[in-house]
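**Q** In this note's numbering, the protein residues as written are 31 to 313.
Just so you know, even glycine gets a beta-carbon here, dropped at the ideal spot from N, CA and C.
Just so you know, these numbers come straight off a predicted model, no measurement behind them.
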Ligand code: AMP
C-alpha cells in the first residue's frame with residue numbers, strides 16, 4: 031500500500047492507474063478508523079480496481095469551540111486497517127498541503143445545509159464541501175463512498191455533485207453499530223464508562239421511532255415526541271435536535287407520506303453524538 035502526503039504524488043499515481051485503464055474509488059475520512067469506515071473501504075475495494083482512503087482532519091469543518099484539538103488520531107493503526115482491507119493508497123496530507131497560503135475559495139450551499147447539523151454547526155458543511163471538492167479534484171475518483179451515519183452530509187455531497195455536474199458516483203453505505211446499538215464513531219472514545227452506557231439512548235430512540243413508523247404511524251410529531259421522551263429519560267443526555275425531514279432535500283416535514291430522514295443529535299456529557307434512520311413507506 032502506498033502512503034502519500036502530497037497532492038502531486040496522488041495525482042501522479044492516479045494518472046498511472048488511469049493509463050492502465052484502472053478504476054479508482056475514494057473513501058474520505060478524518061481518521062481514527064473503525065469498522066464503520068472499514069465497511070466503506072470494503073465496499074470500495076469490491077467495486078473499484080484501486081481504492082484511495084484519505085485521512086485528513088479537516089480544520090475548516092470544525093467550529094471555533096468544537097473538538098478539533100481533542101479529536102483522536104492514530105495514523106499507524108489507520109494505515110494497518112486500510113492495508114488489511116485492501117486499499118491501494120492512504121492520502122494523509124498536512125493542513126498546509128491542503129490549505130496553502132492565501133487559500134480563499136470555498137464551496138457554500140443553501141437549503142440542504144439549513145436544518146439539523148447545519149443549524150447547530152453553521153460553518154460545518156462549507157468546510158465539508160470545500161474539502162470533498164478538493165479531494166475529488168485531486169483523486170478524480172469514479173466512485174466515492176460516504177456513510178449514512180452522517181446522513182445530512184451524504185445528502186449535501188450528492189447535491190454538490192449534481193449542482194456542479196461532477197463526474198463521480200456517490201455511494202451511500204449503511205450505519206455500522208456496536209453490539210448494543212450505539213452507532214460506531216471516532217467520538218465514542220470521549221465517553222466515560224458511565225457515559226458510554228448512557229449513549230445507548232440514541233439508538234434506543236432511533237429504534238423506537240422506526241418501529242412506530244413501521245407500525246403505520248404517519249404523524250411525525252407523535253414519533254418525534256416519543257423519541258424525545260426516550261432521550262429525556264436519560265439524565266446524562268441533552269438534546270441538540272430530534273427532527274424529521276424529507277429525504278434527501280432535508281426540508282422539515284412531520285409526515286411520513288414520502289421518504290423521510292429522522293435524525294437526532296444528543297450531547298452525552300460534553301460529547302455530541304448523532305444517529306438517524308431513513309424511512310420510505312414505499313419500501
Ligand atoms: P469521519 O471520519 O467521521 O469523517 O467519517 C468518514 C466516513 O465514514 C463518513 O462518510 C462517515 O459517514 C462514515 N462513517 C463513520 N462512522 C460510520 C458508521 N458507524 N457506519 C457507517 N459509516 C460510518
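(1) Taking 8 Å as the threshold (C-beta atoms), are residue 52 and residue 169 in contact?
(2) Using DSSP's beta-bridge definition, name the partner residues of residue 306.
(3) Excluding the five sequence neighbours on either side, which residues of its own chain have a C-beta within less than 6 Å of the C-beta of residue 80, listed in chain order?
(4) What did DSSP end up calling residue 82 once you bin it into helix, strand or coil?
(5) Using C-beta distances below 8 Å, list every residue in its chain close to residue 242, excluding the 5 sequence neighbours before and after it, in chain order.
(6) Assign residue 273 to one of three DSSP states: helix, strand, or coil.
(7) Can at least three beta-carbon pairs, one atom from the region 257-268 and one from the region 218-237, be found at a separation below 8 Å?
(8) Considering only their Cβ atoms, is the gap separating residue 113 from residue 60 smaller than 8 Å?
(9) Three or more C-beta pairs under 8 Å: does that hold for the region 57-76 against the region 115-133?
(10) I want to check one thing, is the minimum distance from the CB of residue 70 to the heavy atoms of the ligand AMP below 7 Å?
(11) State the DSSP-derived secondary structure class of residue 48, mapped to helix, strand or coil.
(12) Can you determine whether any heavy atom of the ligand AMP sits closer than 7 Å to the C-beta of residue 104, and answer yes or no?
(13) Compare the beta carbon distance of residue 198 and residue 91 with 8 Å and say whether it is the shorter of the two.
(14) Measure the Cβ-Cβ separation of residue 159 and residue 128 and say whether it is below 8 Å.
(15) I'd like to confirm something about residue 203: is its beta-carbon nearer than 7 Å to some heavy atom of the ligand AMP, or not?
(16) Could you check whether the region 200-219 touches the region 169-181, counting it as contact only if at least three pairs of C-beta atoms, one from each stretch, sit closer than 8 Å?
(17) From residue 102 to residue 286, what distance separates their C-alpha atoms?
(18) Run the CB neighbour count on residue 36, radius 10 Å, all protein chains shown included, and call it buried at 16 or more, exposed below.
(19) For a test of the three-state rule: what should DSSP assign to residue 89, helix, strand or coil?
(20) Starting from residue 263, trace the beta strand (DSSP E) in both directions and tell me its first and last residue.
(21) Identify, in the order they occur along the chain, each residue of the same chain with its Cβ nearer than 6 Å to the Cβ of residue 231, setting aside the five sequence neighbours on each side.
(22) Less than 7 Å separating the Cβ of residue 55 from some heavy atom of the ligand AMP?
(23) Along the chain, where does the alpha helix (DSSP H) containing residue 169 start, and where does it finish?
(24) Anyone know if the C-beta pair for residue 294 and residue 308 falls short of 8 Å?
(25) Starting from the Cα of residue 280, find the closest Cα among 248, 191 and 185 and give me that residue.
(26) Is there at least one non-hydrogen atom of the ligand AMP closer than 7 Å to the beta-carbon of residue 235?
(27) So is residue 233 buried or exposed if we call it buried at 16+ other beta carbons inside 10 Å?
(28) Please determine, among 189, 131 and 94, the residue with the shortest C-alpha to C-alpha distance to residue 137.
(29) Going by DSSP, what residue range makes up the beta strand (DSSP E) through residue 29?
(30) Does residue 34 pass the burial test, meaning 16 or more other C-beta atoms within 10 Å, or should it be called exposed?
**A** Taking the structure as given:
(1) A distance of 8 Å or more separates the beta carbons of residue 169 and residue 52.
(2) Answer by DSSP bridge pairing, in chain order: 293.
(3) Once the five neighbours on either side are set aside, the close Cβ partners of residue 80 are 47, 52, 54 and 118.
(4) Per DSSP, reduced to three states, the secondary structure at residue 82 is strand.
(5) Taken in chain order, the residues that qualify are 252, 253 and 256.
(6) Strand, per DSSP.
(7) Contact holds: three or more Cβ-Cβ distances are below 8 Å.
(8) Going by C-beta atoms, residue 60 is not nearer than 8 Å to residue 113.
(9) Output reads yes: the region 115-133 touches the region 57-76.
(10) Indeed, a heavy atom of the ligand AMP lies less than 7 Å from the Cβ.
(11) Here DSSP, grouped into helix, strand and coil, assigns residue 48 to helix.
(12) Outside the cutoff, so no.
(13) No; because the gap between Cβ atoms is not below 8 Å, this pair is not in contact.
(14) In this structure, residue 128 does not lie closer than 8 Å to residue 159 by Cβ.
(15) Result yes, Cβ under 7 Å from the ligand AMP.
(16) Yes, the region 200-219 is in contact with the region 169-181.
(17) Between residue 102 and residue 286, the C-alpha separation is close to 38 Å.
(18) Residue 36 comes out exposed.
(19) In this structure, residue 89 counts as helix in the three-state DSSP scheme.
(20) If you look at residue 263, you'll find it isn't in any beta strand (DSSP E); DSSP assigns it neither H nor E.
(21) Exclusion of the five residues before and after residue 231 leaves 261, 264 and 267 as the residues of its chain whose Cβ lies within less than 6 Å of its Cβ.
(22) No, the beta carbon of residue 55 sits no closer than 7 Å to any heavy atom of the ligand AMP.
(23) Segment 154-169, the alpha helix (DSSP H) holding residue 169.
(24) With contacts defined by Cβ atoms closer than 8 Å, residue 294 and residue 308 do not form a contacting pair.
(25) It is 185 whose Cα lies nearest to the Cα of residue 280.
(26) No, the ligand AMP has no heavy atom inside 7 Å of this Cβ.
(27) Residue burial is scored here from C-beta neighbours: residue 233 has at least 16 other C-beta atoms within 10 angstroms and is therefore classed as buried.
(28) Per the C-alpha coordinates, the member of 189, 131 and 94 positioned closest to residue 137 is 189.
(29) Residue 29 lies beyond the stretch modelled for the chain, which goes from 31 to 313, so this question has no answer here.
(30) Burial call: buried.
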